[in-house]
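Below is one structure, written out as structure tokens; comments come after it.
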Amino acid sequence: MPRTRIKICGLRTEDAIEAAIDAGADALGFVFVRSSPRFIDPQRAWRLVGALPPLVHSVGLVMNADLEEFSRIEEACPTDYSQLHGQETEKTVRQCGPRVIKAVRYDAATIGADLARWSAVEEVDAILIDGSAGGQGHTLDWEGLAAHTQAAAGKPLILAGGLTAENVAHAIRIVRPYAVDVSSGVERPGALGEKDPERIRHFCDAVRAADALL
Numbered sequence: 415m416p417r418t419r420i421k422i423c424g425l426r427t428e429d430a431i432e433a434a435i436d437a438g439a440d441a442l443g444f445v446f447v448r449s450s451p452r453f454i455d456p457q458r459a460w461r462l463v464g465a466l467p468p469l470v471h472s473v474g475l476v477m478n479a480d481l482e483e484f485s486r487i488e489e490a491c492p493t494d495y496s497q498l499h500g501q502e503t504e505k506t507v508r509q510c511g512p513r514v515i516k517a518v519r520y521d522a523a524t525i526g527a528d529l530a531r532w533s534a535v536e537e538v539d540a541i542l543i544d545g546s547a548g549g550q551g552h553t554l555d556w557e558g559l560a561a562h563t564q565a566a567a568g569k570p571l572i573l574a575g576g577l578t579a580e581n582v583a584h585a586i587r588i589v590r591p592y593a594v595d596v597s598s599g600v601e602r603p604g605a606l607g608e609k610d611p612e613r614i615r616h617f618c619d620a621v622r623a624a625d626a627l628l
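Counting from 1 along the sequence shown, just add 414 to a position and that's the residue number in the working numbering.
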């Protein structure tokens with residue numbers, strides 16, 4: 415069984431990035447949505463991205479940006495992958511590609527169709543399933559999702575939404591995702607956007623422990 419990759423999202427400081435790298439994260443996410451408490455200016459993010467070690471991927475998250483705005487962000491902070499986390503059209507996703515991670519909100523009535531839709535878009539490298547439209551850390555129905563994963567037609571699935579060190583092993587056992595994505599689940603209680611190095615380490619340890627039992 416391949417190991418589950420780990421993405422830590424919403425990073426804004428050198429200390430948080432160092433903690434994620436030391437804990438063994440595979441990818442680091444930077445949020446370019448101004449309304450988010452985890453927003454980071456793209457120029458500031460680029461200084462952090464430029465210091466990443468080899469084989470640690472950077473992911474820039476945007477939501478409902480048009481091509482002009484996306485291009486401005488990408489020019490200021492080129493990242494390895496672009497995560498489109500809104501209601502982007504297929505045309506916009508194709509224009510923003512390649513190397514796109516397309517996020518979709520889990521809805522039992524539409525998840526199968528959503529996975530099939532985005533798996534057919536060549537520019538989409540992976541599909542991220544979140545528990546809410548805005549990425550607010552709501553746990554989704556893992557059993558319900560597991561029943562539809564074949565609709566992704568082999569595209570890597572990234573599981574997000576309400577994951578913590580305490581529940582990620584259960585989620586991995588049910589869904590068997592390619593990767594897991596965490597943000598609020600590794601933050602200090604009551605401090606949106608402030609990452610806790612100990613929680614990051616515990617989360618990454620929990621993922622590896624889950625893999626060892628598969």
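The beta-carbon is built from N, C-alpha and C at its ideal position, and this holds for glycine as well.
Inset, instruction - Report the residue ranges of all beta strand (DSSP E) runs contained in full by the stretch 444 to 512; include only those spanning at least 3 residues, in chain order. - result: 471 to 476, 495 to 498
Inset, instruction - Using 10 angstroms around the beta-carbon of Thr418, count the other beta-carbons present and answer buried if the total reaches 16, otherwise exposed. - result: buried
Legend entry - Ile525 and Glu557 closer than 9 Å at C-beta: no
Legend entry - Contact under 9 Å by Cβ, Val470 with Leu425: no
Legend entry - Ala540 and Ile515 closer than 9 Å at C-beta: Yes, the pair counts as a contact, with Cβ atoms nearer than the cut-off.
Inset, instruction - Please say whether Leu542 and Leu573 have beta carbons closer to each other than 9 Å? - result: yes
Legend entry - His584 versus Glu612 - alpha carbon distance: 20 Å
Legend entry - Length of the line joining the Cα atoms of Gly511 and Arg531: 16 Å
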